[in-house]
Amino acid sequence: TIFENRLKKLARAPRYQDIADWDRLIDKHVFSPDKLAGFDMVNEKSSDRIEEAIIQYGIGLVILDSLSMSWSGDENNNSEVGNFYAQLRSITERTQAIWLILHHTLKPGNLRKKDAIMFSIRGAGNIVQQSDTALIFEPNTESVSGEREITIKIPKTRTDKEPSDFVTALADHDGLYVTISFVAKLA
Numbered sequence: 025t026i027f028e029n030r031l032k033k034l035a036r037a038p039r040y041q042d043i044a045d046w047d048r049l050i051d052k053h054v055f056s057p058d059k060l061a062g063f064d065m066v067n068e069k070s071s072d073r074i075e076e077a078i079i080q081y082g083i084g085l086v087i088l089d090s091l092s093m094s095w096s097g098d099e100n101n102n103s104e105v106g107n108f109y110a111q112l113r114s115i116t117e118r119t120q121a122i123w124l125i126l127h128h129t130l131k132p133g134n135l136r137k138k139d140a141i142m143f144s145i146r147g148a149g150n151i152v153q154q155s156d157t158a159l160i161f162e163p164n165t166e167s168v169s170g171e172r173e174i175t176i177k178i179p180k181t182r183t184d185k186e187p188s189d190f191v192t193a194l195a196d197h198d199g200l201y202v203t204i205s206f207v208a209k210l211a
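Counting in my numbering, the sequence shown runs from 25 upward without gaps.
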């Protein structure tokens, strides 16, 4: 997959040359749709396979890229989204794994200026309501640093303090290695 190929390319960078078997490690520990053909988180066989992998390899973070590619449900249906989250929660209870679910926002023309940023997330309200934290990444059109900047908005978090939105800068050092630095807190 694209992700695995990027990891392998990164692993060939000079700073990682002391580790000779990166390709084998990536093949063994990165699970992609190619390796999980027919993967569907609400399908018992698929969810059992991912849970077995989490346990076998001691995986602490599972990244689902993207929500729509991780299950066969209707992202506009609150009940189906609820079932999806229930499946993730049950696996988390047994494994302590954390889920990072990548999802898409509405196309810019589908959002009115007065709508809250939370409503820019595509699909049923349960996508945000049942998540612990929602982050929205947008290009920062008012760059301060001259580098590629990303505005990170936080429409939802389950904490006692509401964090501020902020801007980060991405600096590309050698075509493979990127640093992320804090630029500014947004009011």
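Even glycine gets a Cβ: it sits at the ideal position worked out from N, Cα and C.
Query                                                                                                                                                          : Result
With H, G and I counted as helix, E and B as strand and the rest as coil, what does DSSP make of phenylalanine 143?                                            : helix
So, does the segment 40-49 touch the segment 81-91, judging by three or more C-beta pairs under 8 Å?                                                           : no
Between phenylalanine 190 and phenylalanine 206, what straight-line distance do the alpha-carbon atoms span, to the nearest angstrom?                          : 8 Å
If we count the other Cβ atoms within 10 Å of its Cβ and call it buried at 16 or more, is threonine 157 buried or exposed?                                     : exposed
Going along the chain, which residues of its own chain have a beta-carbon closer than 7 Å to the beta-carbon of leucine 31, five neighbours each way excluded? : Ile50, Val54
Would you mind giving the Cβ-Cβ distance between isoleucine 78 and threonine 119, rounded to the nearest angstrom? I have them listed as a contact below 8 Å.  : 5 Å
Just to confirm the assignment, what range does the alpha helix (DSSP H) spanning alanine 35 have?                                                             : 26-35
Report yes if the CB atom of isoleucine 151 is closer than 8 Å to the CB atom of glutamate 99, and no otherwise.                                               : yes
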